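Protein sequences, first through last, are from chains B and V. According to my numbering, the first sequence is numbered sequentially starting from 2. According to my numbering, the second sequence is numbered sequentially starting from 495. The next block holds one structure in the form of C-alpha cells; read it before the comments.
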Amino acid sequence: MRDQGAINRKSEIENRKASPRYAIVARASAAGVIFPLSIVAGYLLGNWLGKAVGWGDAPALVGAMLGAAAGFWNLYRLLRALDSGGKRF
Amino acid sequence: MKVSASDWLLLSPELFLTAAGLLILSISAFFDKAKEEFLAFLTLLFVGVAIGLVAFLSGYGGRGAPIFAGMFIVDNFAIFFKLLMLVSIALTVLASIQFVGRAPYPAGDYYALLLFTGVGMLFMVSGNNLVSIYVALELMALSSYILAGYFKLEIKSTEAALKYFVLGAFSSGVLLYGLSLVYGIAGRMGLPDLAKLFESQAKSNLLLVGILLILAGLLFKIAAVPFHVWTPDVYEGSPTPVTAFFSVGPKLAAYAILARIFYVGFPKFHADWGLIIALVSAATMVFGNVAALLQTNVKRMLAYSSIAHAGYALMGVLGFRTEFGLWGILVYLLAYTFMNFGVFALVVFLETKGYAAESVADFNGLARRNMTAAVVMLVFLLSLAGIPPTAGFIGKYYLFTSAMKAGYAWLAVLAVLMSALSLFYYFRIAAAMFFSEAEGAPLKSSYALTAAVLICAAATVIVGVAPQPFVEMLRACVIKAP
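This is the structure we're talking about:
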C-alpha cells in the first residue's frame with residue numbers, strides 16, 4: 002500500500018511537471034484560433050454597426066483592424082508569459 | 495517572359511549584394527575569429543560598391559520602366575530608398591565592428607545576414623507586383639529574425655528573436671491573406687494592373703477587407719499602433735547595433751512599399767485607406783510619446799520614440815493628389831535615418847557587458863567624460879524633438895505641411911503637441927548628460943563607431959542648416975498619383 006501511495010505521488014509530481022508544457026501548447030493553439038476569429042468578429046461587429054447606424058463601410062474596416070490588433074495583443078501576451086524574467090541559459 | 499540585359503543591369507545592386515553575402519559567409523567558414531575586422535571591411539567595401547551601382551543607375555536612361563515582366567521597377571523613388579538603406583547598412587557595419595568583435599559569435603554570419611536583409615530591402619522598394627514585394631519582404635524579415643537573436647547565449651536576445659519571429663509570422667499571414675483576397679477578386683497582382691482594373695469596378699466589402707489586411711501587415715513592419723507591441727521588447731533584447739539598424743533600415747523599406755502599394759495599386763480607394771492611416775497615425779503619435787515618457791530603460795524609451803516617429807511619418811502618406819504627395823515623407827525619412835541611427839550609435843558607444851546604456855542614469859555626467867559625445871547626442875535629441883536648425887525640424891515641417899495640404903489640419907496640430915511632449919523625455923537624457931555628476935573613467939570609442947556617429951551628426955546638421963539642395967532633389971523622387 003505504501004509503495005502504491007509513493008507511486009501515485011510520484012506520478013502526480015510528474016504530471017505537474019509535465020502540465021506546463023501541455024498548458025503552453027494549449028494556450029498557443031488557443032492564440033492561433035483566436036487570432037483569425039478576432040479579425041472576423043471585429044469585421045462582423047463593425048459591419049453590423051455600420052448598417053445599424055448608417056455609417057457605411059468605415060466601421061467594418063475599423064472593426065477588422067481592431068480585431069487584428071486584438072489578435073496580435075493576445076499573441077503578445079502569450080509570448081510575454083513565456084518570458085524567463087532575464088535568466089541566462 | 496522576355497528579359498533584356500537592361501533588366502539585369504537595373505537589378506545589379508541586389509544581385510551583387512546577394513553574391514557578396516554568400517562570399518562573406520564562405521570566407522567566414524575558412525577564417526578564424528582574428529579575421530573579424532577584415533570581414534567588416536569587406537562588407538563595407540561591398541556596400542560601397544552597391545552604393546556606386548545605385549548611383550550609376552540614377553543616371554541610367556532605362557530606369558523608370560517596369561522590368562522582369564512588370565515584377566520590378568527602378569524609378570527615382572526606388573533609387574532614393576536604395577541609397578538611404580545602403581547607407582544605413584554601412585553605418586550599422588561601422589557601429590558593429592567593436593561590438594561584434596567582443597562577442598563570442600561568428601562575425602561572418604552577422605555581416606552576411608546584414609547583407610541578405612539589405613537584399614530583401616532593395617528588392618522590396620523596387621517591387622511592382624504584390625508577389626515580388628511579398629517574397630522580398632520575407633527575405634528581409636527572415637534575416638532580421640536571426641539578427642535579433644544573434645547573441646544566442648543571451649536569453650534577452652533569444653526571447654526578442656522569438657517574439658519578433660512569432661509576431662512577424664502572424665503579420666506575414668495577415669498580409670498574405672489580404673493579398674490572396676485582392677488576387678481572388680482581381681485575378682492579377684501587378685500594381686498598375688490592379689489600379690487599371692479597379693478604376694472601372696465598384697468597390698466591394700471583401701476587397702476593402704483585403705486592402706485593410708495588407709495595410710495591417712505593413713503597419714506591423716512600421717511598428718504603428720495597434721501593431722507596435724513587439725517593438726520595445728525586440729529593441730531592448732536585440733544587440734544594440736542590430737536595434738539601430740531595425741529602427742531605420744527595415745522601416746524605410748516598409749514605408750516605401752506602403753507608399754507604392756497604396757499610391758500605385760489602390761488610388762481609387764484613397765478615401766478609405768486615407769482615413770484609416772490618419773487614425774493610426776494619430777494613435778501612434780499619442781501612444782508612442784506617452785509611453786516613452788514613462789520609461790527608464792533608454793532602449794525601450796527610444797523604441798517608443800521610434801513608434802511615435804512612425805506616427806509622424808505616416809502623415810506623409812496622406813498627401814495623396816496634393817502638390818506635396820510623398821515629398822514630405824521622403825524629406826522626413828532622410829532626416830530620421832541619420833538622427834535615429836545616431837542616437838542608437840551613441841547608446842552602443844556607452845556599452846557595458848554586452849548590453850549598452852540600459853538606463854537614463856548611464857548617461858549621467860557624459861559631458862564630463864566625453865564632451866564631444868554629449869554634444870553630438872544633444873544634436874540628435876534636438877533633431878528628434880524637431881528643434882531648428884536640425885534635420886528633424888525640416889522633416890517635420892514638410893510632414894506637417896503635407897498633412898495640412900491634404901486636409902488633415904487636426905492631425906498636424908496633434909503632431910505639433912506631441913512633438914512638444916517628446917521634449918520631456920529627450921531632455922531627461924540631455925539633463926543627465928550635462929547636469930549630473932560623472933561616474934566612471936573618461937570614455938573612448940573605436941574609430942569606426944566614431945565615424946558612424948560623426949557621419950550621422952554631420953548629415954543631421956547639414957540637412958537642417960542647408961536643406962534646399964536635398965529637398966529639391968527629393969522632389970524628383972516622388973511617385974506621382976494617377
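Beta carbons: idealized from backbone N, C-alpha and C, even for Gly. Model, not experiment: these values are computed from the prediction.
Requested in this report: Would you mind giving the Cβ-Cβ distance between Gly782(V) and Ser799(V), rounded to the nearest angstrom? I have them listed as a contact below 8 Å.
Outcome: Correct: roughly 7 Å between the Cβ atoms.
Query raised in the report: Taking the alpha-carbon positions, what's the Arg969(V) to Leu578(V) distance?
Result: 16 Å
Query raised in the report: In terms of DSSP beta bridges, what is Pro560(V) paired with?
Result: Partner(s): Ile567(V).
Query - When Tyr826(V), Gly555(V) and Leu706(V) are compared against Ser674(V), the one with the closest alpha-carbon - result: Leu706(V)
Query raised in the report: What did DSSP end up calling Gly681(V) once you bin it into helix, strand or coil?
Result: coil
Query raised in the report: Closer than 8 Å, Cβ to any Cβ of chain V: which residues of the segment 46-70 of chain B, in chain order?
Result: Here the close residues are Asn48, Asp58, Ala59, Ala61, Leu62, Val63, Ala65, Met66, Leu67, Ala69 and Ala70.
Requested in this report: With DSSP as the reference, label Gly57(B) as helix, strand or coil.
Outcome: coil
**Report entry** Span separating the alpha-carbon of Leu746(V) from that of Gly614(V)
**Finding:** If I take the Cα positions, the gap works out to 12 Å.
Report task. Helix, strand or coil for Ser940(V), going by three-state DSSP, please let me know. Result -> coil
Report task. Indicate whether Pro761(V) and Pro560(V) have their beta-carbon atoms separated by less than 9 Å. Result -> no
Requested in this report: Please check the pair Ala718(V) and Val660(V), which I expect to be a contact at CB under 8 Å, by giving their CB distance rounded to whole angstroms.
Outcome: Taking a contact as a CB-CB distance under 8 Å, the pair Ala718(V) and Val660(V) does not count as one, their CB atoms being some 19 Å apart.
Query - Straight-line Cα distance separating Leu875(V) from Tyr837(V) - result: The residue asked about is misnamed: residue 837(V) is Val in this sequence, not Tyr. Distance between the alpha carbons of Val837(V) and Leu875(V): 7 Å.
Query - Contact the segment 855-863 of chain V vs the segment 793-810 of chain V: 3+ CB pairs below 8 Å - result: no
Requested in this report: From the DSSP output, read off the bridge partner residues of Gly813(V).
Outcome: Paired residues: none, contrary to the question.
Query raised in the report: Could you give the residue range of the alpha helix (DSSP H) that holds Thr884(V)?
Result: It is not in any alpha helix (DSSP H) - Thr884(V) carries neither H nor E in the DSSP assignment.
**Report entry** the segment 939-954 of chain V in contact with the segment 577-593 of chain V per 3-pair CB rule at 8 Å
**Finding:** yes
Requested in this report: Rounded to whole angstroms, what's the CA-CA distance from Lys646(V) to Met618(V)? Just pull it up for me.
Outcome: 28 Å
Query raised in the report: By a C-beta neighbour count over all protein chains shown, 10 Å radius and 16 as the cutoff for buried, is Leu580(V) buried or exposed?
Result: buried
Report task. Indicate whether at least one CB of chain V lies closer than 9 Å to the CB of Leu80(B). Result -> yes
Report task. Could you tell me whether the Cβ atoms of Lys657(V) and Thr737(V) are closer together than 9 Å? Result -> No, Cβ-Cβ distance for Lys657(V) and Thr737(V) is not below 9 Å.
Query raised in the report: How many whole angstroms separate the CB atoms of Ala642(V) and Ala655(V), which I take to be in contact at a CB cut-off of 8 Å?
Result: 4 Å
Query raised in the report: Who are the near neighbours of Asn570(V) in its chain, counting only those whose CB is closer than 6 Å to its CB and skipping five residues on each side?
Result: Around Asn570(V): Ala970 and Cys971.
**Report entry** Interface partners of Leu76(B) on chain V, CB under 8 Å
**Finding:** Val660, Leu661 and Phe664
Query raised in the report: Can you tell which of Ala563(V), Leu709(V) and Phe535(V) has the C-alpha that lies nearest to the C-alpha of Trp502(V)?
Result: Ala563(V)
Report task. Determine, using beta-carbon pairs with one atom in the segment 893-912 of chain V and one in the segment 802-812 of chain V, whether at least three such pairs fall under 8 Å. Result -> yes
Query - Which listed residue (Ser638(V), Leu609(V), Leu915(V) and Leu551(V)) has its alpha carbon closest to that of Ser500(V) - result: Leu551(V)
**Report entry** Chain-ordered chain B contacts of Leu812(V) [CB-CB under 9 Å]
**Finding:** Within 9 Å Cβ-Cβ: nothing; Leu812(V) doesn't reach chain B, min ~16 Å.
Query - Distance, Tyr757(V) Cα to Leu905(V) Cα - result: 20 Å
Report task. Please confirm if Phe721(V) has its CB atom under 9 Å from at least one CB of chain B. Result -> yes
Query raised in the report: So with Cβ pairs under 9 Å, would you call Phe73(B) a contact of chain V?
Result: yes
**Report entry** Lys847(V) to Glu653(V) span [Cα, whole Å]
**Finding:** Unreliable placement is indicated for Lys847(V), whose pLDDT of 45 sits below 50; no coordinate value is reported for it.
Query raised in the report: Between the segment 943-959 of chain V and the segment 876-891 of chain V, are three or more C-beta pairs nearer than 8 Å?
Result: yes
Report task. Please report how far the alpha carbon of Leu608(V) lies from the alpha carbon of Ile583(V), in whole angstroms. Result -> 7 Å
Query raised in the report: When burial is assigned at 16 or more other CB atoms within 10 Å of the CB, is Glu996(V) buried or exposed?
Result: Because chain V here runs from 495 to 976, residue 996(V) falls outside it and cannot be looked at.
Query - Proximal residues, the segment 766-786 of chain V versus chain B, C-beta separation under 7 Å - result: Asp766, Leu769 and Ile770
Query raised in the report: Leu80(B) to Ile518(V), Cα distance in whole Å?
Result: 34 Å
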